[in-house]
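Notes for the one structure printed next.
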Amino acid sequence: MMFRICTVLLGLLATLGSFALGADGGAVQTFRRDTSAKAPLDFEEVWRVGPDREEDVYLWTSPDTHLAVAADGRVLIADVGANRLLAMGPDGTFERVLAAEGPGPGELRGLRSVQVLADGRTVALDQPPMGLARLLFFDASGRFSEQKVFRSLSAIPVSIVAAPDGKRAAGLFMGLDTRRGILTMRTQLVDAQLKPVRTFVETDLPLPGPDVLRNPANLRDMVADVLAGFYRGQGLVTFDARGRLIHAATHRSQIACLDQGGETTRWRVAVEGEPIRLREAERDAMAEVLLEELRATPGMGRAVTENLVRQAVEKAELPPIKNPLFGLLPAGDRLLAVYDLSFLSLTQAVDVLAADGRYLGSLRRDGAPFLAPTSNLTPRMVVHGDRATTLEQDADGELVLVRYRLSWTGPAVD
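When you line the sequence shown up against mature numbering (1 follows the signal peptide of the UniProt record, and there is no 0), it's residues -22 to -1, 1 to 392, in that order.
Following this line, the structure appears as structure tokens:
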């Protein structure tokens, strides 16, 4: 497994970061993960829509394919590879193409993600290859209504999630600091006008010199710095059903819940236990996928060798932890914290937390149903009450759309 964010950063020389979880910090409550107890959540399959190579609308080939679900059960699929937004019925039957590639209003130039707001509106993040990122809004009927453009080169969204009311958003932003001549990565909360309200993580990314790609040692060091930087934690933010901001520190397995303004920490939790070191086979698998992605990165292909990437993985001195946090999925009055993305399989595991941060149990599932294996920034599962909809990866590597009925069997929540 490797993460798309790393390939975004691979033109950079160094990574230096700091981490903050709210103005008052607050005491950290800890829990010990119990994987031997009965899972606090049962899944009962309702329907499954597999790929159909005779029907183009049932093929979603990009590993970063994203989905959203409306309150009535309709599904929206952001087919990133084909740059189209598909509308599926409550039973998974294709209904129409809501938006497709094109230069006009409401048309797509670089679809990244999709989300349905509490009032039924749809918002899609569109990042044109040579243009300003924007949020496209569609009303409850699917008609394009407006767009909001990120006009500053100092805050270009890499990933973003809106609050349920659509009045705030949070995510990972990359920008150019012309005064200091560097790039920056920020995990930020922004308002309805897309203006920054609060920054939680800020990472300086000095621009590389001209000799980086020509010098294997410098290139190795750059790749190692970017890889290590990812594990410091960037971009893991979401909102719960109440509109509170949830923010996570990746490598410390720590999660914080803040108020709607992102100023006061309501609770903060962390997992107890000793870290588990990556096995050699897992490091090799990491290097293999990283090599593939680097060779596909413009300007990097010929400069990257298998030996260079393996040296970079070793030099990165990753934290000795096998299961850091990789994603946050809101689930009504609960939160699913994805803590295990295996480098060798599609098995994923989550901790289930109550709205007040109490630990409710852990569970595992195959098929990578919670997050795309290639990116911690691409959630796959959407939970509405007792219904979960997700994209799972089958044995042939195909993405399958699945609807489950959920039964919460763990401790009760208020």
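Every residue gets a Cβ at the ideal spot worked out from N, C-alpha and C, and that includes glycine.
- Message: Quick check on Val27: does DSSP put it in helix, strand or coil?
- Response: Locating residue 27 in the sequence shown gives position 49, where the first residue counts as 1. Under the three-state reduction of DSSP output, Val27 falls in the strand class.
- Could you tell me if Thr356 is buried or exposed, where buried requires 16 or more neighbouring beta carbons within 10 angstroms of its beta carbon? Here residue 356 refers to the residue found at position 378 of the sequence shown. Counting the other CB atoms within 10 Å of its CB gives Thr356 a total of 16 or more, which places it among the buried residues.
- How long is the line joining the alpha carbons of Ala48 and Pro106, rounded to whole angstroms? For the purposes of this step, residue 48 is identified with residue 70 of the sequence shown, where counting begins at 1. For the purposes of this step, residue 106 is identified with residue 128 of the sequence shown, where counting begins at 1. Taking the straight line joining both Cα atoms gives about 26 Å.
- Task: Would you tell me roughly how many angstroms separate the C-alpha atoms of Asp34 and Val75, rounded to the nearest one?
- Result: In the sequence shown, the residue the question calls residue 34 occupies position 56. In the sequence shown, the residue the question calls residue 75 occupies position 97. Approximately 11 Å between the Cα atoms of the pair.
- Is the stretch 368 to 376 close to the stretch 338 to 352, with three or more CB pairs under 8 Å? Cβ pair count under 8 Å is three or more, so yes.
- Item | DSSP three-state assignment for Arg198, whether helix, strand or coil | For the purposes of this step, residue 198 is taken as the residue at position 220 of the sequence shown. In the three-state DSSP reduction, Arg198 falls in the helix class (H, G or I).
- Message: Starting from Asp143, trace the beta strand (DSSP E) in both directions and tell me its first and last residue.
- Response: The count along the sequence shown starts at 1 and reaches residue 143 at position 165. Going by DSSP, Asp143 is part of no beta strand (DSSP E) at all; its letter is neither H nor E.
- Item | Identified DSSP bridge partners for Lys126 | Numbered from 1 along the sequence shown, position 148 holds the residue referred to as residue 126. DSSP lists Leu113 as partners of Lys126.
- Closer than 7 Å by C-beta to Pro389: which residues in its own chain qualify, once you throw out the five before and the five after it? Chain order, please. Mapped onto the sequence shown, residue 389 falls at position 411. Residues of the same chain with a CB within less than 7 Å of the CB of Pro389, apart from the 5 flanking positions on each side, are Leu338 in chain order.
- Message: For chain C, check one thing: does any of its Cβ atoms lie closer than 8 Å to the Cβ of Gly144?
- Response: Protein chain content of the structure displayed is limited to a single chain, and chain C is not contained in it.
- Query: Buried or exposed: Val168, going by 16 or more other Cβ atoms within 10 Å of its Cβ?
  - Reply: Reading the sequence shown from its first residue, position 190 is the one you call residue 168. Of the other Cβ atoms in all chains shown, 16 or more fall within 10 Å of the Cβ of Val168; this residue is therefore buried.
- Task: Buried or exposed for Leu110, please, with buried defined as at least 16 other CB atoms from any protein chain shown within 10 angstroms of its CB.
- Result: The residue labelled residue 110 in the question sits at position 132 within the sequence shown. Exposed, since its Cβ has fewer than 16 Cβ neighbours within 10 Å.
- Message: On a Cα-Cα basis, can you pick out the residue from Leu150, Glu271, Val282 and Arg257 that is closest to Leu322?
- Response: Counting from one through the sequence shown, the residue named residue 322 turns up at place 344. Answer by Cα proximity: Arg257.
- Query: Roughly how many angstroms separate the alpha carbons of Gly(-12) and Gly240, rounded to a whole number?
  - Reply: Counting from 1 along the sequence shown, the entry for residue -12 is found at position 11. Counting from 1 along the sequence shown, the entry for residue 240 is found at position 262. Confidence in Gly(-12) is poor, its pLDDT being 38 and thus under 50, which makes the residue's placement unreliable; the coordinate value appears in the next sentence. Computed Cα separation, rounded: 31 Å.
- With a CB to CB cut of under 7 Å and the five nearest residues on each side skipped, what residues in its chain are close to Glu284? What you label residue 284 is simply residue 306 of the sequence shown in a count that begins at 1. Contacts found: Leu269.
- Query: From Arg280 to Val136, what distance separates their C-alpha atoms?
  - Reply: What you label residue 280 is simply residue 302 of the sequence shown in a count that begins at 1. What you label residue 136 is simply residue 158 of the sequence shown in a count that begins at 1. Their backbone Cα atoms lie some 26 Å apart in a straight line.
- Message: With the cut-off set at 8 Å, would you say Ala140 and Val101 are in Cβ contact?
- Response: Numbered from 1 along the sequence shown, position 162 holds the residue referred to as residue 140. Numbered from 1 along the sequence shown, position 123 holds the residue referred to as residue 101. If you check the CB distance, Ala140 and Val101 come in under 8 Å.
- Message: Given a cut-off of 8 Å on the beta-carbon distance, is the pair Val378 and Gly28 in contact?
- Response: The sequence position of residue 378 within the sequence shown is 400, counting from 1. The sequence position of residue 28 within the sequence shown is 50, counting from 1. Yes; because the gap between Cβ atoms is below 8 Å, this pair is in contact.
- Query: Would you report the Cα separation of Ala15 and Leu150, rounded to the nearest angstrom?
  - Reply: Counted from its first residue, the sequence shown places residue 15 at position 37. Counted from its first residue, the sequence shown places residue 150 at position 172. Cα to Cα, the separation comes out at about 35 Å.
- Kindly list the residues whose CB is nearer than 7 Å to the CB of Ala265, restricted to its own chain and excluding five residues on each side of it in sequence; keep chain order. Residue mapping note: residue 265 aligns to position 287 of the sequence shown, counting from 1. Only residues of its own chain outside the window of five on either side were considered, and among them Val287, Arg288 and Val291 have a CB closer than 7 Å to the CB of Ala265, listed in chain order.
- Task: Check whether the Cβ atoms of Leu314 and Leu307 sit closer than 8 Å, and answer yes or no.
- Result: As a working mapping, residue 314 is identified with position 336 in the sequence shown. As a working mapping, residue 307 is identified with position 329 in the sequence shown. Taking 8 Å as the Cβ cut-off, Leu314 and Leu307 qualify as a contacting pair.
- Task: Along the alpha helix (DSSP H) that carries Gln289, what are the first and last residues, could you check?
- Result: Residue mapping note: residue 289 aligns to position 311 of the sequence shown, counting from 1. It spans Glu284 to Lys293 - the alpha helix (DSSP H) in which Gln289 sits, taken as one unbroken run.
- Task: Assuming Gly251 contacts Arg10 (C-beta within less than 8 Å), just tell me the rounded distance between them.
- Result: Looking up residue 251 in the sequence shown gives position 273. Looking up residue 10 in the sequence shown gives position 32. That pair is a contact at about 6 Å.
- Item | Spatial distance of Trp386 from Arg158 (CA atoms) | Locating residue 386 in the sequence shown gives position 408, counting from the first residue. Locating residue 158 in the sequence shown gives position 180, counting from the first residue. Distance between Trp386 and Arg158, taken at the CA atoms: about 51 Å.
- Message: Report the start-end ranges of each alpha helix (DSSP H) in the stretch 244 to 273 that is 4 residues or longer and not cut off at the edges.
- Response: You should have 258 to 273.
- Determine which residues share a DSSP beta bridge with Trp386 and list them. As a working note, residue 386 is residue 408 in the sequence shown. Paired residues: Leu19.
- Message: Output needed for Val249: all residues of its chain with C-beta closer than 6 Å, excluding positions within five of it in sequence on either side, in chain order.
- Response: As a first step, residue 249 must be located in the sequence shown, where it is residue number 271. Cβ neighbours of Val249 beyond the five flanking positions: Arg11 and Ser231.
- Item | Endpoints, the beta strand (DSSP E) within which Ser91 is located | The residue you call residue 91 lines up with position 113 of the sequence shown. Residues Leu89 to Val94.
- With DSSP run on the structure shown, which of helix, strand or coil describes Asp329? Here residue 329 is taken as the residue at index 351 of the sequence shown, counted from 1. In the structure shown, Asp329 falls within a strand segment according to DSSP collapsed to helix, strand and coil.
- Spatial distance of His225 from Arg31 (CA atoms): As a first step, residue 225 must be located in the sequence shown, where it is residue number 247. As a first step, residue 31 must be located in the sequence shown, where it is residue number 53. Straight-line spacing of the CA atoms in His225 and Arg31 works out to 39 Å.
- Message: So, with DSSP's three-state summary, where would you put Asp50?
- Response: Position 72 of the sequence shown holds residue 50. Three-state DSSP puts Asp50 in coil, outside helix and strand.
- Item | CA-to-CA distance, Val58 to Leu37, given in whole angstroms | In the sequence shown, counting from the first residue as 1, residue 37 sits at position 59. In the sequence shown, counting from the first residue as 1, residue 58 sits at position 80. A straight line joining the alpha-carbon of Leu37 with that of Val58 spans about 11 Å.
- Integer-rounded CB distance, given that Leu349 should sit under 8 Å from Ala327: Here residue 327 is taken as the residue at index 349 of the sequence shown, counted from 1. Here residue 349 is taken as the residue at index 371 of the sequence shown, counted from 1. With a Cβ gap of about 11 Å, Ala327 and Leu349 do not count as contacting.
- Message: Just to confirm, is the Cβ distance from Thr8 to Val330 under 8 Å?
- Response: On the sequence shown, residue 8 is found 30 positions in, with the first residue counted as 1. On the sequence shown, residue 330 is found 352 positions in, with the first residue counted as 1. No.
- Locate the beta strand (DSSP E) running through Gly363, then write down its first and last residues. As a position in the sequence shown, residue 363 is number 385, starting the count at 1. For Gly363, there is no enclosing beta strand (DSSP E), as DSSP gives it neither H nor E.
- Message: For a quick check, are the C-beta atoms of Ala46 and Val94 less than 8 Å apart?
- Response: Start at 1 with the first residue of the sequence shown, and residue 46 comes out as number 68. Start at 1 with the first residue of the sequence shown, and residue 94 comes out as number 116. At a Cβ-Cβ threshold of 8 Å, Ala46 and Val94 count as neighbours.
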